[in-house]
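When we follow the numbering used here, the leftmost residue of the sequence shown carries the number 29, and every step to the right adds one.
Glycine is no exception: its CB is placed at the ideal position from the N, C-alpha and C atoms.
Below is one structure; the comments refer to it alone.
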Amino acid sequence: MTGAGKLGLIAGGGDLPATVAGRCDAEGRPLFVVRLAGFADSHLTRWPGAEFGMAQIGAILKTLKAEGCTAVCLAGIVKRPDFKRLKPDLKGASLLPGIVAAATQGDDALLRKILAIFEAEGFAVEGADDILGGETLDAGPLGAVTPTPAQIADLKKALYVAEKTGELDIGQGAVVCDGLVLAVEAQEGTDAMLHRVAGLPADLRGSIASPRGVLAKAPKPIQDLRVDMPVVGPRTVELAAAAGLAGIAGVTGRLILIDRRAIMAAADRLGLFVWGEDR
């Protein structure tokens, strides 16, 4: 883990915040969880923390300092809000114009602006992957299944598409089957994209009985890797299988694994490959 001081975990949805919190428990690191209202899962209440609206920036900063936090980690899914509906506190109101201006430049500019706010208040910013001790995808296969040459071609194209859409600040994922791009991830997220692929005509994609195609996830070339690094977990494997895909690919060292053993077990059980590609 990157730091020994108390961590303020700014938690959105999904499994990643609980995984980070669990690692802090295992390492004996003190933790305070800022649960973002409307995003954070209810099970995060098992850790010390409080719920805040995402525009209550002053209250969040004040609480983190009062709790003795020296570092923050932003983890979990947070959808872009309707800024007109936010109810900022005094500090939030002073910062909101700059945040809105950054948002017009794309999600990555928005995230960099938010990170800069915490850094300006004296907090160190730590990436979830660092806290998890490097739980990222290694090169080659994770598990017993290895892609065929044709599947390697699909995963390379899917990674290329994911990286190119990332350059445009669109998303981090893409699905390719037999050289055809079936889907590109945007604001809906990976799970919704895989559900969309599962609804495509059968002749365009594989099936559980005869899997074809690859989901690839790659970080945006312009993004700060301390936040919003691509993530996969056992549920990703389940959804990829349900969509008829043959496997999942990511960039070596740049895809966070939520429970490596469970991912491997699910992939082996379902006959999918999980592949790390050097870029």
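Put simply, the backbone Cα of Asp166 is about 5 angstroms away from that of Gly304. Here Phe60 is bridged, per DSSP, to Gly36. For Phe111, the number of other beta carbons within 10 angstroms of its own is below 16, and it is reported as exposed. Straight through space, the alpha carbons of Ala172 and Gly86 are spaced by roughly 49 angstroms.
The beta carbon of Pro76 sits closer than 6 angstroms to the beta carbons of Phe60 from its chain, once the five residues preceding and following it are set aside; these are given in chain order. Residue burial annotation: Pro125 is exposed, with fewer than 16 other C-beta atoms found within 10 angstroms of its C-beta. In this structure, the CA atom of Gly199 is about 5 angstroms from the CA atom of Ala214. Pairing Leu35 with Ala99 gives a Cβ-Cβ distance under 7 angstroms.
Cβ neighbours of Gly120 within its own chain (closer than 7 angstroms, five residues either side excluded): Ala83, Gln84, Ile85, Gly86. Going by beta carbons, Ile276 and Asp157 fall outside the 7 angstroms limit. Relative to the Cα of Leu267, the nearest Cα in the group Ala294, Met257, Gly40 belongs to Ala294.
Of all alpha-carbon atoms in Pro249, Glu163, Thr73, Gly194, the one lying nearest the alpha-carbon of Arg51 is that of Glu163. Counting along the chain, Lys185 sits inside the alpha helix (DSSP H) bounded by residues 177 to 195. In the assembly as shown, Ala65 is an exposed residue. Its beta-carbon has fewer than 16 other beta-carbons within 10 Å.
Residue burial is scored here from C-beta neighbours: Arg297 has fewer than 16 other C-beta atoms within 10 angstroms and is therefore classed as exposed. Shown here, Ile236 sits in coil according to DSSP, grouped into three states, outside any helix or strand. Going by DSSP, Lys245 is part of no alpha helix (DSSP H) but of the beta strand (DSSP E) stretching over 242 to 245.
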